[in-house]
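Asks: Every position in the sequence shown, counted from 1, becomes a number in our numbering once 119 is added.
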Amino acid sequence: MLGPSLQTPELLKLVFKVVKYWGIKEIRVTGGEPTLREDWLEIIAALSTLPLKKLAITSNGFFLEKELVTLKKFNCNHINISLDGLQADKFFKITAMDSAPVLSCIRRAKELGFVVKVNTVLLAGINVGINDNGDEDEIDDFIEWGAKNQIELRFLELIEIGAATKIFPTHHFGVEDLLQRIKINWRVEETVYPPTGTAFYLRLRKKRSDDDCDGRVYQVGIIASRSRPFCASCDRVRIDQNGIYRSCLMEKKGIYLPSLSERELSQLIVKKKKVNVGNDNLESNHMYEIGG
Ligand code: SF4
């Protein structure tokens, strides 16, 4: 820790200042898992009073459904949910949890009009490629599931950070391998990264034979943090629950904002360091502390 931990009112006061000084227009509440914090809805309620263009949350979706109506009330309209397996047994193998509440939460969020994105982290030999048991992956099923449910689905490369540094060498699945995998059954057209976006998109048509395709166009997003880093256009910064600021997920040590004077805080603005992925040992940077 770089300084004493913060109580919620102190944290909110800091966030309010930062929004004002730095001209922040979008906030995503993430984690770890935000819904595990007892007062997370109070934090959302407070953030909803800020002049933001977008208030968003990233969640594992296990405990979110019952609070969706409240989130709507606070104009937190954008939800990203993790879903690393479609079949219950595959999901359980990865998370040791039941997928039913997550799928139900995704359905309900759509019904309530949230902008829902579903993130699937690719894990070689687990949910992509042939696994140890010789089972096939769910890549095609995911693409069809996203289209059928009108959900923006994104495949994410594993990032070499925190606990994932240990499994990275065996389970990282790069974008070129993914494209090869998708091209078995789909005709693929790639788009480029939007100006400050993290995902590029594939427009897909399902092959019926080598010459013939389903007329329907499917779409899936790819977040290829390692194979095709988007650091040059990254405009995101992070503040953790203790007021530590990082201009990049990969920065080892952040800045403890409460120790800055008003002047220093207002002038810190967003000197973003470009810390490219994959260039350091980041075992001690934990996504659940920094925010994914
Ligand atoms: S590594 Fe840092 S600069 Fe690059 S995309 Fe991630 S947070 Fe942004």
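Idealized CB from N, CA, C, for every residue including glycine.
(1) The beta strand (DSSP E) spanning residue 240 covers which residue range?
(2) The ligand SF4 and residue 368: does any heavy atom of the ligand fall closer than 8 Å to the residue's C-beta?
(3) Going by C-alpha distance, which of 388, 314, 235, 291 is nearest residue 350?
(4) For residue 327, collect the residues of the same chain with a Cβ closer than 7 Å to its Cβ; drop the 5 residues on either side in sequence, then sort them by chain order.
(5) Identify the residues that DSSP records as bridge partners of residue 338: which are they?
(6) List the endpoints of the continuous alpha helix (DSSP H) containing residue 201.
(7) Using only CA atoms, which one of 388, 370, 355 lies nearest to residue 149?
(8) Taking the straight line between their C-alpha atoms, what separation do you get for residue 397 and residue 193?
(9) Determine which residues share a DSSP beta bridge with residue 357 and list them.
(10) Please confirm whether residue 156 and residue 177 have their CB atoms less than 9 Å apart.
(11) Taking the CB atoms as reference points, tell me whether residue 195 and residue 175 lie closer together than 9 Å.
(12) Note the first and the last residue of the continuous alpha helix (DSSP H) segment covering residue 175.
(13) Mind checking whether residue 368 and residue 292 have CB atoms under 9 Å apart?
(14) By DSSP's criteria, residue 375 is part of a beta bridge. Which residues make up the other side?
(15) Given a cut-off of 9 Å, decide if residue 187 and residue 227 are closer than it, judged by their beta-carbon atoms.
(16) Are the Cβ atoms of residue 316 and residue 344 separated by less than 9 Å?
(17) May I ask you to report which of helix, strand or coil DSSP gives residue 146?
(18) Checking the sheet assignment: what are the DSSP bridge partners for residue 188?
(19) For the alpha helix (DSSP H) containing residue 294, name the first residue and the last one.
(20) According to DSSP, simplified to helix, strand and coil, what is residue 275?
(21) Looking only at C-alpha atoms, which of 288, 206, 295 sits nearest to residue 257?
(22) CB residue 275 to CB residue 307, shorter than 9 Å?
(23) Assuming contact is defined by CB atoms lying nearer than 9 Å, are residue 173 and residue 197 in contact in what I supplied?
(24) Where does residue 133 fall in DSSP's three states?
(25) Quick one: what's got a C-beta closer than 8 Å to residue 125's C-beta in the same chain, skipping five residues either side?
(26) Secondary structure at residue 243, three-state DSSP: helix, strand or coil?
(27) Assuming residue 181 contacts residue 221 under a Cβ cut-off of 8 Å, what Cβ separation, rounded to an integer in Å, is found between them?
(28) Please report the straight-line C-alpha distance between residue 388 and residue 140, rounded to a whole angstrom.
Replies: Short version:
(1) Stepping through the sequence shown from its first residue, residue 240 is reached at position 121. Taken as a continuous stretch (DSSP letters only), the beta strand (DSSP E) holding residue 240 covers 234–240.
(2) On the sequence shown, position 249 is the one that residue 368 refers to. Indeed, a heavy atom of the ligand SF4 lies less than 8 Å from the Cβ.
(3) Translated into the one-based positions of the sequence shown, residue 350 becomes position 231. Cα-wise, what sits closest to residue 350 is 314.
(4) Walking along the sequence shown from the start, residue 327 turns up at place 208. Correct list, in chain order: 333.
(5) The residue given as residue 338 occupies position 219 in the sequence shown. Paired residues: 322.
(6) Counting from 1 along the sequence shown, the entry for residue 201 is found at position 82. Element bounds for residue 201: not the alpha helix (DSSP H) but the beta strand (DSSP E), 197–201.
(7) Here residue 149 refers to the residue found at position 30 when the sequence shown is read from its first residue. The shortest C-alpha separation from residue 149 is found at 355.
(8) Taking the sequence shown and counting its residues from 1, one reaches residue 397 at position 278. Taking the sequence shown and counting its residues from 1, one reaches residue 193 at position 74. Residue placement at residue 397 cannot be trusted, given a pLDDT of 49 that sits under 50; the coordinates are not used to answer.
(9) Translated into the one-based positions of the sequence shown, residue 357 becomes position 238. Residue 357 pairs with 365.
(10) Along the sequence shown, one-based indexing puts residue 156 at 37. Along the sequence shown, one-based indexing puts residue 177 at 58. Not a contact, by the Cβ cut-off of 9 Å.
(11) By 1-based counting over the sequence shown, the position of residue 195 is 76. By 1-based counting over the sequence shown, the position of residue 175 is 56. Cβ distance < 9 Å, so residue 195 and residue 175 count as in contact.
(12) Taking the sequence shown and counting its residues from 1, the one referred to as residue 175 is at position 56. Run containing residue 175: none in the alpha helix (DSSP H); it sits in the beta strand (DSSP E), 173–178.
(13) Along the sequence shown, one-based indexing puts residue 368 at 249. Along the sequence shown, one-based indexing puts residue 292 at 173. The answer is no: Cβ separation not under 9 Å.
(14) Counting from 1 along the sequence shown, the entry for residue 375 is found at position 256. DSSP output for residue 375 lists 363 as bridge partner(s).
(15) On the sequence shown, position 108 is the one that residue 227 refers to. On the sequence shown, position 68 is the one that residue 187 refers to. Closer than 9 Å, so yes.
(16) In the sequence shown, the residue the question calls residue 316 occupies position 197. In the sequence shown, the residue the question calls residue 344 occupies position 225. Contact: no.
(17) What you label residue 146 is simply residue 27 of the sequence shown in a count that begins at 1. In this structure, residue 146 counts as strand in the three-state DSSP scheme.
(18) Translated into the one-based positions of the sequence shown, residue 188 becomes position 69. DSSP output for residue 188 lists no bridge partner at all.
(19) Counted from its first residue, the sequence shown places residue 294 at position 175. Segment 294–302, the alpha helix (DSSP H) holding residue 294.
(20) Against the sequence shown, residue 275 aligns to sequence position 156. Note: residue 275 maps to strand in three-state DSSP.
(21) Here residue 257 is taken as the residue at index 138 of the sequence shown, counted from 1. Ranking the options by Cα distance to residue 257, first place goes to 206.
(22) In the sequence shown, counting from the first residue as 1, residue 275 sits at position 156. In the sequence shown, counting from the first residue as 1, residue 307 sits at position 188. Not closer than 9 Å, so no.
(23) Numbered from its first residue, the sequence shown carries residue 173 at position 54. Numbered from its first residue, the sequence shown carries residue 197 at position 78. Contact flag set, yes.
(24) Walking along the sequence shown from the start, residue 133 turns up at place 14. DSSP places residue 133 in helix when its eight states are reduced to three.
(25) If you number the sequence shown from 1, residue 125 lands on position 6. Here the set comprises 133, 360, 361, 362, 377.
(26) Indexing the sequence shown from 1 puts residue 243 at position 124. DSSP places residue 243 in strand when its eight states are reduced to three.
(27) Position 62 of the sequence shown, counted from the start, is the residue given in the question as residue 181. Position 102 of the sequence shown, counted from the start, is the residue given in the question as residue 221. Indeed they touch by this definition, with Cβ atoms about 6 Å apart.
(28) The residue labelled residue 388 in the question sits at position 269 within the sequence shown. The residue labelled residue 140 in the question sits at position 21 within the sequence shown. If I take the Cα positions, the gap works out to 8 Å.
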